[in-house]
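> Here it is, the structure in full.
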Amino acid sequence: MIAGDSGEKARRPGEFADLARRFASQFTWGVATSAYQIEGAAAMDGRGPSIWDEFCARPGAIKDGSSGERACDHYHRMAEDLALISDLGIGAYRFSVSWPRVQPLGAGAWNERGFDFYERLVDGLLERDIAPYLTLYHWDLPLALQAGGGWENRDTALRFVDYAREVSRRLGNRVRSIATHNEPWVVAVLGHEAGIFAPGLKSRRLAMQVAHNLLLSHGLALQALRADGVSTPLGIVLNQGPIHAATNSPEDRAKARLDDGLTIRWYMDALLLGRYPADVVEFLGADAPTVTDEDMRTISQPLDFLGINYYTRNVSGTGEPQKPAEDGRERTDMGWEVFPAGLTELLLRLHDDYPLPPLYIMENGAAYRDQLEAGRVRDEDRVRYLRRHVAALADAIERGVDVRGYFVWSLLDNFEWADGYRKRFGIVYVDYATQQRIPKDSARWYQQLCAAHRHGDTRRVAGEAVL
Ligand code: FCB
6 MIAGDSGEKA
16 RRPGEFADLA
26 RRFASQFTWG
36 VATSAYQIEG
46 AAAMDGRGPS
56 IWDEFCARPG
66 AIKDGSSGER
76 ACDHYHRMAE
86 DLALISDLGI
96 GAYRFSVSWP
106 RVQPLGAGAW
116 NERGFDFYER
126 LVDGLLERDI
136 APYLTLYHWD
146 LPLALQAGGG
156 WENRDTALRF
166 VDYAREVSRR
176 LGNRVRSIAT
186 HNEPWVVAVL
196 GHEAGIFAPG
206 LKSRRLAMQV
216 AHNLLLSHGL
226 ALQALRADGV
236 STPLGIVLNQ
246 GPIHAATNSP
256 EDRAKARLDD
266 GLTIRWYMDA
276 LLLGRYPADV
286 VEFLGADAPT
296 VTDEDMRTIS
306 QPLDFLGINY
316 YTRNVSGTGE
326 PQKPAEDGRE
336 RTDMGWEVFP
346 AGLTELLLRL
356 HDDYPLPPLY
366 IMENGAAYRD
376 QLEAGRVRDE
386 DRVRYLRRHV
396 AALADAIERG
406 VDVRGYFVWS
416 LLDNFEWADG
426 YRKRFGIVYV
436 DYATQQRIPK
446 DSARWYQQLC
456 AAHRHGDTRR
466 VAGEAVL
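So for the sequence shown, the numbering used here puts the first residue at 6; every next one is plus one.
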């Protein structure tokens with residue numbers, strides 16, 4: 006059993022072994038990043054501009070006025086960053102390919118220097134025995150495609166298929182899996198309805214058409230890659246968390262059910278059941294997207310895996326939301342509630358409601374106000390967050406959910422979208438003035454967990470061999 010969650014200072018001997026033992030020997034432990042958040046080198050070696058470069062240039066769009074222009078300068082420090090993953094003994098790395106780096110206009114010519122970078126990245130991972138997990142789209146659409154309507158235009162889905170095929174042709178057989186999209190809900194709703202992410206548009210109708218076209222592009226890409234003979238596992242990554250009603254009133258429960266429909270069922274029903282949820286379609290009315298039956302068959306291609314990003318639950322109601330500071334709940338620096346039991350609840354619910362492929366937690370982690378003191382970051386809060394979520398994941402697995410891997414968001418502090426560099430999610434601290442990387446206490450914690458799991462493996466494997 007895991008020691009209580011009460012923030013105990015001293016580590017119990019055996020803590021890591023106890024936790025690691027709850028995971029099968031093949032279980033994958035990784036760290037995640039995305040291209041625009043770490044690479045920098047925004048105008049280098051032929052990379053084209055993306056919608057995020059343009060969005061960041063708008064006054065007021067990013068809280069600290071920054072952009073991903075330099076970020077963690079990972080483009081130039083890739084070898085150092087791979088060495089870091091390797092020194093920490095972490096067995097897997099999830100990264101995304103920047104579409105405008107390999108195809109500057111989102112159509113037509115490929116940029117060889119861009120592909121060179123990802124070739125070196127994948128080879129560098131394999132040399133160090135780190136399994137590469139590739140994401141095709143983590144939000145950085147080539148700006149040229151936005152001029153033609155971006156994801157509102159079905160043609161962008163066809164451009165995405167060309168891009169997916171070319172990346173797979175070059176890297177597909179060396180990576181462990183390929184995810185088409187990261188968090189289509191965020192792209193659709195935060196980018197096209199709330200307008201707080203690129204491309205900064207504000208229309209629900211538009212957002213729902215974008216959500217549909219993203220899913221369509223996913224299905225078309227899976228069909229095309231399979232027709233090309235790609236045998237690498239293919240899937241998609243969704244952001245999800247349980248939606249709880251603020252009170253037991255019928256109004257609040259109805260609102261929570263609708264929010265569940267808009268964030269979870271819209272994507273899960275389409276991908277796994279081949280239809281959109283009727284209650285949500287009815288609620289949307291004229292804002293519902295234009296859809297054909299053929300589209301739904303395309304979207305619901307079999308998935309080899311499904312990625313889930315879990316950070317928190319959402320509390321949904323019809324009244325004025327309470328101010329986070331006043332509700333007494335434990336929160337991270339994002340204001341997101343720390344709610345590990347929500348991960349177990351979510352996984353069990355998905356398992357009950359859908360015919361699931363194997364799952365991966367592709368992101369989980371937390372931002373805190375880390376302080377670098379005498380060369381060390383004592384991020385006890387993050388250690389505690391991670392420990393509790395890993396235990397919550399084990400609870401779900403022990404109750405029958407097939408989860409094959411877990412990735413911490415993030416390897417490095419990085420460009421946190423509209424929050425700029427103010428929010429630090431890394432298990433490795435980045436001193437942006439010098440670009441120095443300093444593993445935080447949480448990195449050491451994760452290192453020990455990975456090591457304990459590996460050593461457990463050796464025992465298990467040895468035991469199996471004797472039998
Ligand atoms: C997710 C994103 C990731 C990061 C984390 C904190 O929604 O996929 O890029 O910003 O949130």
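Note that CB positions come from ideal geometry on N, CA and C, so glycine has one too.
(1) Would you mind stating whether Thr38 and Ser415 have Cβ atoms separated by less than 8 Å?
(2) According to DSSP, simplified to helix, strand and coil, what is Ile135?
(3) Run through the segment 78 to 129 for me and flag every whole alpha helix (DSSP H) of 4 or more residues, listed as ranges in chain order.
(4) Do Val191 and the ligand FCB come close, with the Cβ less than 7 Å from some heavy atom?
(5) For the candidate residues Phe122, Thr268, Val194 and Arg209, whose alpha-carbon lies nearest to that of Ala291?
(6) Please determine if the segment 334 to 343 and the segment 271 to 288 are in contact, where contact requires at least 3 C-beta pairs separated by less than 8 Å.
(7) Look up Ile248 in the DSSP assignment and say whether it is helix, strand or coil.
(8) Can you tell me whether DSSP reads Glu20 as helix, strand or coil?
(9) Just to confirm the assignment, what range does the beta strand (DSSP E) spanning Val433 have?
(10) May I ask you to verify whether the segment 46 to 63 touches the segment 116 to 127, counting CB pairs closer than 8 Å and requiring at least 3?
(11) Thinking Arg125 and Met83 are a contact (beta carbons under 8 Å), I'd like their distance in whole angstroms, please.
(12) State the DSSP-derived secondary structure class of Arg381, mapped to helix, strand or coil.
(13) Would His394 and Leu364 qualify as a contact pair, given that the criterion is a beta-carbon distance under 8 Å?
(14) Should Trp450 be counted as a contact of the ligand FCB given a C-beta to heavy atom distance under 7 Å?
(15) In the DSSP assignment, find the beta strand (DSSP E) that holds Gln441 and state where it starts and stops.
(16) Can you give me the start and stop residues for the alpha helix (DSSP H) that Ser222 sits inside?
(17) Anyone know if the C-beta pair for Asp386 and Lys445 falls short of 8 Å?
(18) With the cut-off set at 8 Å, would you say Thr317 and Gly370 are in Cβ contact?
(19) Does the ligand FCB have a heavy atom nearer than 7 Å to the CB of Ser39?
(20) What number of angstroms, rounded off, separates the C-alpha of Ala47 from the C-alpha of Gly410?
(21) Which residues share a DSSP beta bridge with Ala62?
(22) Between which two residues does the alpha helix (DSSP H) carrying Gly410 extend?
(23) Hey, how far is the Cα of Ala25 from the Cα of Gly111?
(24) Within 8 Å, do at least three Cβ pairs link the segment 229 to 249 to the segment 199 to 209?
(25) Smallest Cα separation from Glu78: which of Pro255, Asp418 and Ala226?
(26) Taking contact to mean at least 3 C-beta pairs separated by less than 8 Å, is the segment 320 to 332 in contact with the segment 370 to 381?
(27) Pull up the distance between the alpha-carbon of Gly96 and that of Pro255, whole angstroms please.
(28) Please classify Ala397: is it buried, with 16 or more other beta-carbons within 10 angstroms of its beta-carbon, or exposed?
(29) Below 8 Å on the Cβ atoms is my contact criterion, and I expect Ala456 with Gly94 to pass it. Report the Cβ-Cβ distance as a whole number of Å.
(30) Should Ser30 be labelled buried (16 or more other beta-carbon atoms within 10 Å of its own) or exposed?
(31) Is Arg262 helix, strand or coil by DSSP?
(32) State the start and end residues of the unbroken beta strand (DSSP E) segment that holds Met367.
(33) Just to confirm, is the Cβ distance from Leu377 to Tyr434 under 8 Å?
(34) Compare the beta carbon distance of Leu87 and Leu130 with 8 Å and say whether it is the shorter of the two.
(35) Could you have a look at Trp144 and say whether DSSP puts it in helix, strand or coil?
(36) Can you tell me whether Asn187 is buried or exposed? The criterion is at least 16 other CB atoms within 10 Å of its CB, across all chains shown.
Straight from the coordinates:
(1) Yes, Cβ-Cβ distance for Thr38 and Ser415 is below 8 Å.
(2) Looking at Ile135 - three-state DSSP - the assignment turns out to be coil, as it is neither helix nor strand.
(3) For the segment 78 to 129, whole alpha helix (DSSP H) runs of length 4 or above, ordered along the chain, are 79 to 92 and 104 to 107.
(4) Yes, since a heavy atom of the ligand FCB falls inside the 7 Å radius drawn around the Cβ of Val191.
(5) Arg209 is the residue among Phe122, Thr268, Val194 and Arg209 whose C-alpha sits nearest the C-alpha of Ala291.
(6) Verdict: no, contact absent.
(7) Secondary structure of Ile248 (DSSP, three-state): strand.
(8) Glu20: helix per DSSP, three-state reduction.
(9) Val433 -> beta strand (DSSP E) spans Val433 to Asp436.
(10) Yes, since at least three Cβ pairs between the segment 46 to 63 and the segment 116 to 127 fall closer than 8 Å, the two stretches touch.
(11) Arg125 to Met83, Cβ: 7 Å. Contact.
(12) Strand.
(13) No.
(14) No; taking the cut-off as 7 Å, the Cβ of Trp450 has no heavy atom of the ligand FCB nearer than that.
(15) Counting along the chain, the beta strand (DSSP E) containing Gln441 begins and ends at Gln441 to Pro444.
(16) Arg209 to Ala232 is the extent of the alpha helix (DSSP H) around Ser222.
(17) No; because the gap between Cβ atoms is not below 8 Å, this pair is not in contact.
(18) Contact annotation: Thr317 and Gly370 have beta-carbon atoms that are not nearer than 8 Å.
(19) True, at least one ligand heavy atom lies under 7 Å from that Cβ.
(20) The alpha-carbon separation between Ala47 and Gly410 amounts to approximately 31 Å.
(21) Bridge partners of Ala62: none, in fact.
(22) First-last for Gly410: Val408 to Trp414, but that is the beta strand (DSSP E), not the alpha helix (DSSP H).
(23) In this structure, the CA atom of Ala25 is about 43 Å from the CA atom of Gly111.
(24) Contact between the segment 199 to 209 and the segment 229 to 249 is absent, because fewer than three Cβ pairs lie under 8 Å.
(25) The amino acid at residue 78 is misidentified as Glu; the sequence shows Asp. For the options Pro255, Asp418 and Ala226, the alpha carbon positioned closest to that of Asp78 is the one of Asp418.
(26) The segment 320 to 332 makes no contact with the segment 370 to 381: fewer than 3 CB pairs, one atom from each, lie closer than 8 Å.
(27) One C-alpha to the other measures close to 47 Å.
(28) Buried, by the Cβ-count rule.
(29) About 5 Å separates the two Cβ atoms, so the contact holds.
(30) Answer is exposed; the Cβ neighbour count stays below 16.
(31) Under the three-state reduction of DSSP output, Arg262 falls in the helix class.
(32) Leu364 to Glu368 is the extent of the beta strand (DSSP E) around Met367.
(33) Contact flag set, yes.
(34) Yes; because the gap between Cβ atoms is below 8 Å, this pair is in contact.
(35) Trp144: coil per DSSP, three-state reduction.
(36) With 16 or more other Cβ atoms within 10 Å, it is buried.
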